[in-house]
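Working notes, structure below.
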Amino acid sequence: MWFALLALPAWEGARAAAPAFPAGGRVRFAVTMGPLEIGRAEHGWRIDGGSYRLRSTLETTGLAALFKPERLLQQSEGGYGRRGFLPLHFSVTRNGKPAERADFDRARGLVRLEHRGRVREAPVEAGAQDVLSVFYQVALFPPGAAAFEADVATGKGTYRRVFRRIGESRIELPVGELRTLNVRAEEADGERIDLWLALDRGNLPVRIRMVDRKGNVVEQQAVEIDIPAVGEAS
61 MWFALLALPA WEGARAAAPA FPAGGRVRFA VTMGPLEIGR AEHGWRIDGG
111 SYRLRSTLET TGLAALFKPE RLLQQSEGGY GRRGFLPLHF SVTRNGKPAE
161 RADFDRARGL VRLEHRGRVR EAPVEAGAQD VLSVFYQVAL FPPGAAAFEA
211 DVATGKGTYR RVFRRIGESR IELPVGELRT LNVRAEEADG ERIDLWLALD
261 RGNLPVRIRM VDRKGNVVEQ QAVEIDIPAV GEAS
């Protein structure tokens, strides 16, 4: 995914330098479906010298692991500057086997997609994101902005999404009570993604709620946050 503020010139004017963001750290999540905990996830990142690396792991636990053991690894890397995250390479590994990847050719405005042996190219806009980096690009949502659009790439394809500002609230999570900003993307078929960004923790996503077209709800809630001060290296 990529996020381009609907009022992009105003954002660009405010981004003469790279936006402040924790230079490195990790967030651990409990993953639930309804009342049941089905897994654990961890997001880790590092920003250094104008580049970044993101890594997300998700592993089923308990009964979910007994009936459907699964370990999913997503990795994203690319550049980091005044526009935020600009991925170059994205990959997914499922149970130790390569599953999909997306490689961005910024000069040509294309992304090379690979999934189950099928390889193709698709056009993308200048700030295109992948499905992992977008959760951190959204953390750069400028104060006062109402919404922005997103072009998103996975190994399977590309799509466009609009995230809208819902509002600020204090929420209780396993990691404690946090002041957050809720942003939401909705699709006509009923799919929805809600993100809660921790306003006092570098705008990190600390709660992620996904609803599919059948109404199934999967949620990730932060149980541990380990970051340096915003703008400092870890």
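Just so you know, the sequence shown maps onto residues 61 to 294 in the numbering used here.
The C-beta atom is built at its ideal place from N, Cα and C for all residues, glycine as well.
Taking 8 Å as the cut-off, decide whether the C-beta atoms of residue i and residue j are in contact.
| i | j | result |
| --- | --- | --- |
| Arg224 | Ala207 | yes |
| Trp105 | Gly84 | yes |
| Asp108 | Pro147 | no |
| Arg86 | Asp286 | yes |
| Asp211 | Val235 | no |
| Phe195 | Pro265 | yes |
| Phe150 | Leu192 | yes |
| Leu259 | Arg239 | yes |
Check the C-beta distance from residue i over to residue j and give it rounded, since I have them as a contact under 8 Å.
| i | j | result |
| --- | --- | --- |
| Ala188 | Ala213 | 6 Å |
| Gly215 | Ala162 | 5 Å |
| Glu137 | Arg113 | 5 Å |
| Asp272 | Glu246 | Not a contact, Cβ separation roughly 12 Å. |
By Cβ distance, which residues of its chain are closer than 7 Å to residue i, with the 5 residues on each side in sequence left out?
| i | result |
| --- | --- |
| Gly227 | Asn242 |
| Val283 | Arg88, Phe89, Ala90, Pro234, Val235 |
| Gly110 | Gly139, Tyr140, Gly141 |
Just to confirm my understanding: we take residue i, look at its own chain, exclude 5 residues before and 5 after, and list those with CB closer than 6 Å. What are they?
| i | result |
| --- | --- |
| Gln280 | Phe89, Val91, Ala101, Ile268 |
| Gly217 | none |
| Met270 | Ile253, Val278 |
| His103 | Val87, Ser116 |
| Ala67 | Any answer about Ala67 is weak, because its pLDDT of 31 lies below 50 and its placement is not dependable; what the coordinates show is given next. No residues qualify anywhere along the chain. |
| Val171 | Ala162, Phe164, Ala182, Val184, Ala213 |
I'd like the list of long-range same chain contacts for residue i, defined as Cβ closer than 8 Å, with 5 residues on each side in sequence excluded.
| i | result |
| --- | --- |
| Glu119 | Gly99, Arg100, Ala101, Ala125, Glu130, Arg131, Leu132 |
| Glu237 | Arg230, Ile231 |
| Gly169 | Pro183, Val184, Glu185, Ala186 |
| Lys128 | Thr120 |
Identify the residues that DSSP records as bridge partners of residue i: which are they?
| i | result |
| --- | --- |
| Arg172 | Asp163, Glu181 |
| Leu241 | Glu228, Leu257 |
| Phe150 | Ser136, Ala162 |
| Val212 | Gln189, Tyr219 |
Which of the three DSSP states is assigned to residue i in this structure?
| i | result |
| --- | --- |
| Gly122 | helix |
| Val191 | coil |
| Phe127 | helix |
| Val235 | coil |
| Ala90 | strand |
| Ala199 | helix |
| Gly84 | strand |
| Pro265 | strand |
| Lys157 | strand |
| Ala205 | coil |
| Ala248 | coil |
| Asp8 | Any question about residue 8 goes unanswered here, given that the chain covers just 61 to 294. |
| Val290 | Confidence is the limiting factor: at Val290 the pLDDT is only 47, short of 50, which leaves the residue's position unreliable and the question unanswerable from this model. |
| Arg106 | strand |
Tell me, please, whether the CB atom of residue i is closer than 8 Å to any CB atom in chain B?
| i | result |
| --- | --- |
| Asn263 | In the displayed structure, chain B is absent; only one protein chain is listed. |
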